[in-house]
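Just so you know, the protein sequences line up as chains A and B, in that order.
Heads up, our numbering is the position in the first sequence plus 5, with the first residue counted as 1.
Heads up, our numbering is the position in the second sequence plus 778, with the first residue counted as 1.
Written below as structure tokens is the structure these notes are about.
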Amino acid sequence: MVDTTMNDKIFNVSMSPHIRDNESISKIMWTVMIALTPAALFGAFNFGYRVVMVLLIGMGSAVLFEYLTQKIRRKTITIRDGSACLTGLLLAMCLPPTIPFYMPAVGSFIAIVIAKHAMGGLGFNIFNPAHIGRAALMISWPVAMTTWSKMTTGVDVVSTATPLNILKQQGYEKLIETFGSAPDMYQALFLGTRNGSIGETSTVLLLLGGCFLIYKKYINWQLPVVMVGTVGILTWVFGPAGLFTGDPLFHMMAGGLIIGAFFMATDMVTIPITIKGQVIFALGAGILTVLIRLKGGYPEGVCYSILLMNSITPLIDRFVQPVRFGLRGEVK
Amino acid sequence: MIKSFRGGVHPKDSKSYTSGKPIETLPLPELAVIPMRQHIGAASIPIVKKGDLVKKGQVIGEADGFVSSNVHASISGQVIDVGSHPHPIFGKCEAVVISNDGKDEWLEGLPLIRNWEQLESAQLLKIISDAGIVGMGGATFPTHVKSTLQKDKHVDLLVLNAAECEPYLTADHRMMLEEGPRIVTGVRIAMKVLGVEKALVGIEDNKKDAIEKMTAAFAGLPVEVVALPTKYPQGAEKMLINAVSGRIIPSGGLPMDVGVVVQNVGTVAAICDAVTQGIPLIQRVTTVSGGSIKSPKNIRVRIGTPFREAIEFCDGFSTRPEKIIMGGPMMGMAEPSIDIPIIKGVSGILAIAKGEANTGKEASCIRCGRCVNACPMGLNPSMLSILSERGLYEEAKEDYGLFDCAECGSCVFACPAKRNIVQYVKYSKAQNAAAKLKEKRG
């Protein structure tokens, strides 16, 4: 039987296109979290199960603060899109394993309430919220933020200092000595059996997660490759014993560079929208990282360099626009 | 060789519903509602009145000026009304309603068999103009206007748009498979009208059988069939010309600026009918498909037939449709009702089920850049939508190429925040047009 009676009601007449991809904000956010999970779990394996608590407090408090902010401001509650949870996770992964339990919550408060919602909410924040949270904690509690734990893996060989700390304070010779030999050091850095923040240590697991995001087309490969590459080239050129004597492999795997390049500098809200712009961003972040590591007072500079580049993102976007069809390369 | 363009998206093509279904002819409607506006340009002027008897092929609406088009009776019968009736694009529009007398009689003298090769280019153009032929891909720009050469422009290439890049639609595909000779003749006539020596046929490579069929059909003629990768919007004029010929239409320009005229498959078939048999544009092939249609089909249908009859011919709805669309799902128009007539530009009738649409609540832009990567025109859709939200229409036009946007919808398709970017763009364009008008009036 022919039935066209189902048109009693008027049909939906919203504007074209009428079909859409099945991507969504929450799908992207949850996928990034899945990509981070192996490295986060390795943190627990590396530093003991205390850090699981730190991660959970980071995530839970971030979600709670987002809920409260939106509730108080009478906005739509968007905690289910996963962006707050992701911010909490990223923040916690960039904290030392010995951090007191209340600090991740303070960091989440700053990240979510100040860096995100005071700026206008998801999509409008200028700075990476997780990094703002971390920077605020770093300024407020410098000692707690630089106290590193004994590790459950390779405890006997590595002291309770991060490799970059040893390099800054005692020099390259001492660094190699700490690990035994150069190959041992590279292996520890690659696998993650070294000291550092909770989620930053395992190069291999972070790369795996990063490649997954590249495969899913959630991030462009150019950005992390240029950022890590810039750090590698510059640290090799400006080595401790004159030009071209540096150890690029060490610098590329040490500190928070890998997690920063693949997961922080790729936070889509706070970086340029074009690939060309992202390359400029990555280049700048790489140069600043090396500047801070080699010449600055801090042993590590990934966090600040990304925040500094965040601040000029609107400028990059203004001048680096996509090439319009039919304009032969002119912008305008 | 595979040629393409930068950007674009890959929606599920959903063509398998109908790609294997031969074209069926829909029974004649009881009433044909034939609107006077079925083309871009001035509305036609009705020249029949209530009570008149009309024959199939008779002119019932005359073109009002050059950029306009004739409208013909698609069935024989009596005019029962000339007045305002539902229209798929304008909501309501002046239309001639013909009550079918069941005889399906041609106007005297039709069909008129002619040997087109003996006709001059100007004569051919006159026939095309009289036959009320318009671009049948959906844009409905009068074909005689497009084919009239402008003094300062030199045209040396005809491009046949057989990409059919919109998902679901298979009408052009089926015509290429079943009606090759019509298309070949139509292309040859169109070439003669323009005085060009060369034509290129662009077909997406998800229609391998059509590529083979057309290559064989055009053998020995200066017409080359080019296989194009399946990517939306491959059939957009600028993308198509770029892909098949390498030519780039400048921003704000037309195909003629690079010596090209583009015609659609349905259009050249209509040209063939008009020139070789004297049959004006009174019917078309269209696809009735979508997840809510019980038996999707390709149908040949007289202009003025209600959507409802086409849908009933396909056994009606299987589930309640979320949307009824005239045209394709990417650029087509959502219709509030199915009691509207099929007009010259209806390339498809789709009933989209709820699950097919993937719509969601609009969120703010997270600057993921997917729209920038999807935009075939190299624009920044994210910025265009934000500028529109903030009322910065002029900045959108001056700094972000607002008017380059062809509203293909690739950005919206790709957007994870489900932003209605095309809607923002249309609004900005309208605001700019309004501002310009205001300026003119002082």
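Each residue gets a CB set at the ideal place from its N, CA and C atoms; glycine is no exception.
Secondary structure note for A:C90: its alpha helix (DSSP H) is the uninterrupted segment 88-98.
For B:G980, the closest Cβ of chain A is not nearer than 8 angstroms. Under the rule that a run must span 4 or more residues, the alpha helix (DSSP H) segments found entirely inside the segment 41-123 of chain A read 55-77, 88-98, 107-114. Residue nearest to B:D882 within the set B:A1195, B:I1060, B:T1065 is B:I1060 (criterion: CA-CA distance). In its chain, beyond the 5 residues on either side, A821, C871 have a beta carbon closer than 6 angstroms to the beta carbon of B:R815. Taking C-alpha positions only, A:S21 is separated from B:I876 by approximately 32 angstroms.
A check of alpha carbon separations from B:V971 across B:P959, B:S1029, B:A917, B:A900 identifies B:A900 as the nearest.
The segment 1129-1138 of chain B and the segment 299-315 of chain A do not touch, with fewer than 3 CB-CB distances between them shorter than 8 angstroms. With fewer than three CB-CB distances shorter than 8 angstroms, the segment 1132-1146 of chain B does not count as touching the segment 967-982 of chain B. Rounded to whole angstroms, the separation of the alpha carbons of B:I1027 and A:L288 is 35 angstroms.
Residues are counted here when their Cβ sits less than 9 angstroms from a Cβ of chain B; for the segment 50-81 of chain A these are T81, given in chain order. For A:P105, the CB contacts under 7 angstroms within the same chain, skipping 5 residues up- and downstream, are A149 in chain order.
Residues of the segment 998-1028 of chain B whose Cβ lies closer than 7 angstroms to any Cβ of chain A, in chain order: K1016, I1026, I1027, P1028.
Residues of chain A with a Cβ closer than 9 angstroms to the Cβ of B:A1112 are, in chain order, F16, N17, V18, S19, M20, S21, H23. Its Cα nearest to that of B:P1058, the residue B:A909 stands out among B:A909, B:G1082, B:G843. Among the CB atoms of chain A, one or more fall inside 8 angstroms of the CB of B:A1135. Per DSSP, the continuous beta strand (DSSP E) segment holding B:T1065 begins and ends at 1061-1067. Approximately 5 angstroms separates the beta-carbon atoms of B:R1145 and A:M273; this is inside 8 angstroms, confirming the contact. Sixteen is the threshold: when 16 or more other Cβ atoms of the shown chains lie within 10 Å of the Cβ of A:L94, as they do, the residue is buried. Between B:N984 and B:K799, the C-beta gap is not smaller than 8 angstroms, which leaves the two residues out of contact. Put simply, the backbone Cα of B:Q836 is about 36 angstroms away from that of B:K1016.
By the Cβ rule, the segment 1043-1052 of chain B does not count as touching the segment 801-819 of chain B, because fewer than three pairs are nearer than 8 angstroms. Of the residues assessed, A:Y107 falls on the exposed side of the cut-off, its CB having fewer than 16 other CB atoms within 10 angstroms. DSSP, read as helix, strand or coil, puts A:M273 in helix. Contact of B:G1179 with chain A by beta-carbon distance below 7 angstroms involves R329.
One alpha carbon belongs to B:S847, the other to B:S925, and they sit about 14 angstroms apart.
Its chain contains S782, G786, H788 as the residues whose beta carbon lies nearer than 7 angstroms to that of B:K1009, once the 5 sequence neighbours on both sides are disregarded; these appear in chain order. Not a single C-beta of chain A is nearer than 8 angstroms to the C-beta of B:A917. Contact note: A:I30 reaches chain B through A1141, I1144, P1194, A1195, using a C-beta cutoff of 8 angstroms and chain order. A distance below 7 angstroms between beta-carbons, with the five flanking residues on each side excluded, links A:G282 to the following residues of its chain, in chain order: I321, D322, V325. If you look at B:D1177, you'll find it isn't in any beta strand (DSSP E); it sits in the alpha helix (DSSP H) that goes 1171-1178. For B:V826, the closest C-alpha among the options B:H817, B:K834, B:P1114, B:I838 is that of B:I838. At least 8 angstroms separates the CB of B:Q1055 from every CB of chain A.
Each residue's CA atom was taken as its position, placing A:M143 and B:M1108 some 50 angstroms apart. For a Cβ distance threshold of 8 angstroms, residue set R329, F330, G331 of chain A lies close to B:D1182, ordered along the chain.
The Cβ of A:Q174 sits no closer than 8 angstroms to any Cβ of chain B.
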